[in-house]
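Residue numbering for the sequence shown follows my numbering, beginning at 33 and increasing consecutively. Each remark here refers to the structure printed beneath this line.
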Amino acid sequence: MQSGRLRLGILQKILISFLIISLVPLMILAYMSNKNLSDTGLRAVSAAEQMGREDLRHTINVGNTSIEDSVRALDRKSTEAIELRTVELASRIADFLHERDKDVLTLAAVPPSAEYYLQIYQAAKKDVIVTDTAPRSRIERKGNVALEAENPENRTEWRHTPPVDFRRVSRPLYREITFVNLDGKEKIKVTNGAVSFGGLLDVSDIRNTYCKAEDYFHHLERLKRGEIYVSGVIGRYVPGWLYKTNEGLKVKPESAYAVRENPQGEKFEGLVRWATPAYDAEDRKVGYVTMALDHTHIMEFTDHVMPTDEKFGVLSDGGSGNYAFIWDNRDCCISHPRDFFICGYDPRTGERVPGWLSQSMFDKYKKSALSLEQFTATLPSFEDFSQKKQGASEQVKDGKVPLDCRILDHAPQCQGWHQGTEDGGSGSFLILWSGLWKLTTYAAIPYHTGQYGKSRRGFGYVTIGANVDDFHEDAYVAKGKIEKLIAQEGEEMRRANEKARNFINKSASDNRKMMTMIMVIAGVGIAGTSIVISLNITKPLRRLTEKALDMGRGNFDQSIEVTSQDEIGQLTKTFNEMAKSLSELDKMKSEFVTIASHELRTPIQAMLLSISGVLEGYSGQIDDEVREDLLLARTGIERLMRLVESLLDLSRMEARKTALTVSEVSVGTIVERAIAEVKGLSEAHGHAITLDMPPDVPSIEADRDRIIQLLVNLLSNAIKYNPEGGAIILKVERAVNGVSFVSADSGYGIPASAQDRIFDKFFQADSIISQKVGGTGLGLAISKEIVQIHGGSIECESPLPEGRFPGLPLGGERKGSVFTVTLPLDRAAFL
Ligand code: ADP
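This is how it looks when you write it as structure tokens:
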């Protein structure tokens with residue numbers, strides 16, 4: 033029976049097994065090795081990458097930490113250096129002021145004399161750097177070649193700054209030297225390089241003083257011998273106008289002198305007056321010696337200071353905030369690169385020009401009914417200072433922006449300087465000013481003569497502003513370099529990893545290709561080998577199968593050449609022996625059947641004749657009981673006879689000893705003949721036989737009697753295994769290259785389990801029914817032999833499909849069966 037499952041031959045099985053056994057592990061191996069290669073490789077790359085990243089992070093951290101440390105160290109060093117410079121500046125200024133104390137005391141020690149005063153005026157001079165706009169250059173040596181240390185041992189970190197080609201002019205220290213009598217009348221006056229003989233004034237009247245602002249005379253009366261009066265800085269305020277641009281604040285050209293920003297501007301011209309009482313030979317106080325120091329000489333201390341690498345310059349940069357400036361002991365600006373920031377007086381009124389206020393304070397002033405002078409005079413010092421405030425724009429528009437620290441409430445650093453110098457100290461702090469961190473230093477000027485002795489702050493204080501960023505620029509340059517290096521290293525690492533990854537991927541891909549190639553080659557090799565092996569194994573098996581099949585058809589006389597000594601050879605030998613035994617047995621069986629049948633036939637015939645004779649009454653009258661017995665005996669003997677004849681017939685056919693009488697046979701004739709032969713039987717069972725045959729059925733070449741025998745067998749089975757009153761259809765039709773005879777009945781049918789064996793000798797599907805109908809179990813075996821001898825085929829199908837033969841009554845115990853015999857048209861197909 034065919035099943036739905038795929039049937040594989042040994043060849044395919046061996047092939048598949050070989051492929052599975054060899055290729056599957058190979059594939060697993062290939063997959064694992066490839067996976068391991070790429071996985072391990074990529075993991076290694078990732079680990080390396082991770083390590084690299086850690087390293088870089090570490091380096092960045094180390095870099096940042098060391099840069100921060102360097103920045104701090106550089107800032108600290110620079111701060112210390114600038115602080116020192118500030119302190120030194122303050123101390124030099126104090127020294128310079130002390131020199132003036134000596135000058136005035138010396139002058140007071142000699143009798144007043146215009147000539148002597150003039151001599152002093154002319155002798156007391158000091159260089160002032162000329163601040164014209166002509167560019168200055170550093171003095172170059174040996175044709176612009178940078179100066180290098182002559183001794184190689186001095187070359188380590190040798191730093192040399194050539195001197196700046198400052199142009200200097202000698203300028204009298206004093207603007208004025210006077211002798212004033214006890215009433216305040218000027219008696220001697222040397223000014224502008226000459227003795228004034230006319231225009232001697234009464235300085236007790238302030239209106240006769242410089243800028244109408246000198247009230248010194250009123251302080252002199254209280255002075256004792258050797259005591260000195262020192263004024264504040266008195267000068268005309270020079271206005272200046274600032275305006276905002278994208279690059280920051282700029283100065284209008286008509287403004288006061290403001291170094292690089294406005295070198296042509298008007299300079300602040302101020303003085304500081306020294307005075308001390310003078311005595312005659314009788315030790316009577318006769319008047320006062322006064323010396324008005326040209327304030328330019330004080331400004332000279334700070335005007336050219338640069339806290340940057342330049343150290344000194346002709347013109348400092350007022351806009352950058354990198355410069356030095358001075359505040360007096362009242363916290364008013366007395367030296368600044370921008371002269372309009374220096375506090376001064378209105379010479380028409382002798383009033384101080386009020387200091388610059390914040391906008392909020394200025395708004396308050398506007399609400400007050402006071403003048404700005406009056407209003408600023410009421411302001412508390414250092415109250416509510418904050419950078420959040422902004423300078424009053426009206427004062428900027430007016431060009432009147434002197435810096436009075438006490439009320440400059442939008443510059444909190446003022447408060448810091450004031451506080452820091454209170455005890456005469458020095459120091460520094462950082463302040464975020466105009467978006468830049470600025471270092472601002474302060475140092476009190478230790479000059480305590482006269483009014484300046486009232487506080488430890490002394491004369492005032494020096495401050496220096498410096499850009500913090502400039503100090504640690506080197507560190508940031510180094511940081512930039514480190515960052516660049518790190519970025520480069522990162523890029524290199526990225527590239528190296530990329531390369532490694534590509535290499536691994538390529539190796540994995542090459543590996544895959546190689547493995548695929550190996551597998552293909554191995555597959556082809558294994559397939560070839562297994563085909564050869566399989567063929568070697570299966571060829572003899574196929575031969576054995578063919579021979580066994582032949583044997584199955586009854587041809588026991590078989591022998592296969594033994595070509596090997598292996599299991600197959602052994603099997604072949606066994607097969608040969610078995611075939612030989614079977615052949616002999618078959619011969620013996622046939623001979624036995626033939627002989628037995630022959631031997632049985634004669635006595636059976638004799639018995640039949642005798643019983644028939646007795647029944648015919650040849651031996652006299654017999655009573656009914658004897659007749660009954662004899663009739664039973666005759667039926668049994670007839671059956672025995674049929675069996676013997678059938679056996680003989682079959683064994684002859686199996687032994688191919690039956691000579692066929694082949695002729696062209698009319699199908700119609702044989703069919704009719706067969707039906708006629710079973711007619712009696714069918715009528716006895718009450719069956720109807722229908723012949724269904726088209727008129728154009730061709731004749732066939734066959735043994736007429738054998739075909740009739742075949743059809744009679746089929747029809748009589750259809751009659752026997754059919755409940756009374758059934759029906760039989762014999763259908764004849766043209767088949768491909770032949771004619772088919774289909775015998776269909778409305779009988780009991782044949783169970784599926786029996787259908788395979790129905791053509792076997794002595795097989796009976798239902799032995800009880802067969803016994804009843806007198807079957808021998810040989811009819812279909814003989815029929816099959818007849819069909820095979822004629823090169824045809826016989827098939828059985830049961831139960832009958834519903835509707836296939838509408839004329840047959842089916843249902844209940846009537847399952848129906850159909851036998852189909854197909855016979856070729858001519859003898860060419862015969863065995
Ligand atoms: P028998 O002489 O017993 O009929 P056969 O070789 O002719 O021997 O048939 C073998 C068996 O097949 C029968 O015993 C019967 O069981 C079954 N058989 C044959 N033909 C039919 C049929 N048309 N309907 C039902 N059963 C059948």
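Cβ atoms here follow ideal geometry from the backbone N, Cα and C, with glycine treated the same way.
Query, Result
"Residue burial classification, D455 (beta-carbon count within 10 angstroms, cutoff 16)", "exposed"
"Length at least 4, wholly inside the stretch 235-319: the alpha helix (DSSP H) runs in chain order", "249-252"
"Closest residue to A797 among V819, S775, S830 and S815 (Cα-Cα distance)", "S830"
"Inter-stretch contact (C-beta, 8 Å, three-pair minimum) for the stretch 494-502 and the stretch 277-284", "no"
"For L233 and R316, the rounded distance between their alpha carbons", "23 Å"
"DSSP state of M323 mapped onto helix, strand, coil", "strand"
"Three-way DSSP call (helix, strand, coil) for F372 in this model", "helix"
"Segment limits, beta strand (DSSP E) that includes N754", "Here N754 belongs to no beta strand (DSSP E), and DSSP marks it neither H nor E."
"Selection from I125, S98, G225 and D133 that minimises the alpha carbon distance to A155", "G225"
"Start-to-end residues for the beta strand (DSSP E) that takes in N529", "Careful: N529 lies outside any beta strand (DSSP E), inside the alpha helix (DSSP H) at E505 to G584."
"Heavy atom of the ligand ADP within 7 Å of I752 beta-carbon", "Rather than Ile, the amino acid found at residue 752 in this sequence is Lys. K752 Cβ: within cutoff of the ligand ADP."
"Simplified DSSP assignment, three categories, for M33", "Low confidence applies here, because M33 scores a pLDDT of 39, under 50, leaving its location unreliable; read the following figure in that light. If DSSP states are grouped into helix, strand and coil, M33 belongs with coil."
"Span of the beta strand (DSSP E) around C365", "C365 to S367"
"heavy atom of the ligand ADP below 7 Å from T808 C-beta", "yes"
"Of the listed residues R305, V774 and F198, nearest to R207 (C-alpha basis)", "R305"
"CB contact flag (N543, N66, <8 Å)", "yes"
"Helix, strand or coil at W190 according to DSSP, with G and I counted as helix", "coil"
"Three-state secondary structure (DSSP) of V768", "coil"
"heavy atom of the ligand ADP below 7 Å from Q637 C-beta", "no"
"Given T473 as reference, the closest of Q597, P339 and R527 once Cα atoms are compared", "P339"
"Same chain only: Cβ atoms within 8 Å of E845, ignoring 5 sequence neighbours per side", "P755 and Y780"
"I592 versus K571 - alpha carbon distance", "12 Å"
"Local conformation of D378 per DSSP, three classes", "strand"
"Residues bridged to L471 [DSSP beta-bridge criterion]", "L462 and A498"
"Ordered list of alpha helix (DSSP H) runs contained in the stretch 761-806, each at least 4 residues", "784-787 and 799-805"
"I592 CB to nearest heavy atom of the ligand ADP below 7 Å", "no"
"Terminal residues of the alpha helix (DSSP H) in which K219 lies", "Segment E218 to T223 is the beta strand (DSSP E) holding K219; no alpha helix (DSSP H) there."
"Straight-line gap, P675 to L663 (C-alpha atoms, nearest Å)", "Correcting the residue identity first, residue 675 is Leu in this sequence and not Pro. If I take the Cα positions, the gap works out to 18 Å."
"Sufficient close CB pairs (3 or more, under 8 Å) joining the stretch 377-390 to the stretch 142-158", "no"
"Length of the line joining the Cα atoms of R574 and I600", "11 Å"
"With 16 other Cβ atoms within 10 Å as the buried cut-off, status of M546", "exposed"
"Meets three-Cβ-pair contact criterion under 8 Å: the stretch 786-794 and the stretch 747-754", "no"
"8 Å Cβ shell around R173 - same chain, five flanking residues per side excluded", "With a pLDDT of only 48 at R173, under 50, the local geometry of the prediction cannot be trusted, and the value read off the model is given with reservation. Contacts found: L179 and P194."
"Local conformation of R836 per DSSP, three classes", "coil"
"Where W190 falls, given that 16 or more other Cβ within 10 Å makes a residue buried", "exposed"
"Counterpart residues of E208 in DSSP-defined beta bridges", "T223 and A324"
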